[in-house]
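S.K.: Would you mind keeping the following structure in view while I ask a few things?
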Amino acid sequence: MKQLTDEQVEKNLRSLPVHSLTHEQKENIIFAIRQHSEKRKLRFKPAVSFLLLLLLFASIVSYAFQQYDGKPAEQAVSETVTISPAGDITIKNRGAFSKDFYNKEGKKTGGVQRMTEADMYESINQQNIHTNIDIQGYRYPGKMTVDHQKKMEYIQIIHYYFKSPYTNHYYHVYFYTPFFDEAQADAVARTFIINSQN
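Each residue of the sequence shown is one higher than the one before, counting from 59 in my numbering.
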């Protein structure tokens, strides 16, 4: 196709029909354009607001579900524990919820520590278990395990895990043999008491 010169372009433009609008027609066109853009703006703003509110609501619900663990909210309960080992065993507190048992030679013979249910199962899973039973006839429900160890200081660890009636915690009461046999450990475990300070 041949390129047009400037003169040819001008000639073609002059041959086109010329339309002229009255002032009223111009005003009507301007009014229609403005009215159309206002309708478009009004439709857009509520849609954006709705989407933002929906996103905010979804975020709040998602956060709430992540925080909820399926258990009822626990009130602030303060607990103390008491236990009465027999003989020449002394108790040393190792923190708010931990105690260690020592014999007269100063050797550690057992102890008590508070833990979560997950910590309890982790402790049990790390043992060389000889015995694992649910215990009954004690003040609190729980488990008893006998863990075989091959150490110079002790051969077995007798573990009791008692469920607190006041919180979602467990108390791990443990005894090293030969300092305690199963009958002695059982007798001391029966003296274990959880006191609520609520």
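Backbone N, C-alpha and C fix where the C-beta goes; we use that ideal spot for every residue, glycine too.
Keep in mind it's a predicted model, so treat the numbers as computed, not measured.
What first and last residue would you give for the alpha helix (DSSP H) that runs through Ile182?
M.R.: Ile182 -> alpha helix (DSSP H) spans 175-183.
S.K.: Skipping 5 residues on each side, what residues in its chain have a beta carbon closer than 8 Å to that of Glu240?
M.R.: Contacts found: Val204, Ile216.
S.K.: In this structure, how does DSSP classify Asp244 when only helix, strand and coil are distinguished?
M.R.: Three-state result, Asp244: helix.
S.K.: Is it buried or exposed, Tyr229, if we count other Cβ atoms within 10 angstroms and call 16 or more buried?
M.R.: Classification of Tyr229: buried, given that the 10 Å Cβ count is 16 or more.
S.K.: Can you name, in chain order, every residue of its own chain whose Cβ lies under 7 Å from the Cβ of Thr138, other than the five neighbours on each side?
M.R.: Asn253, Gln255, listed in sequence order.
S.K.: Could you check what DSSP says for Ser254 in three-state terms: helix, strand or coil?
M.R.: Strand, per DSSP.
S.K.: Looking only at its own chain, which residues have a Cβ that is under 6 Å from the Cβ of Val67, when we skip the five neighbours before and after it?
M.R.: Around Val67: no qualifying Cβ.
S.K.: Please classify Gln207: is it buried, with 16 or more other beta-carbons within 10 angstroms of its beta-carbon, or exposed?
M.R.: That one is exposed.
S.K.: Taking contact to mean 3 or more Cβ pairs, one atom from each stretch, closer than 8 Å, check whether the region 209-226 and the region 189-201 are in contact.
M.R.: The region 209-226 vs the region 189-201: in contact.
S.K.: Go through its chain and collect everything with a Cβ distance to Ile87's Cβ below 8 Å, but skip five positions before and after it.
M.R.: Leu79, listed in sequence order.
S.K.: Please determine, among Ile118, Gly169, Thr235, Gly164, the residue with the shortest C-alpha to C-alpha distance to Ile213.
M.R.: Among Ile118, Gly169, Thr235, Gly164, the Cα nearest to that of Ile213 is on Thr235.
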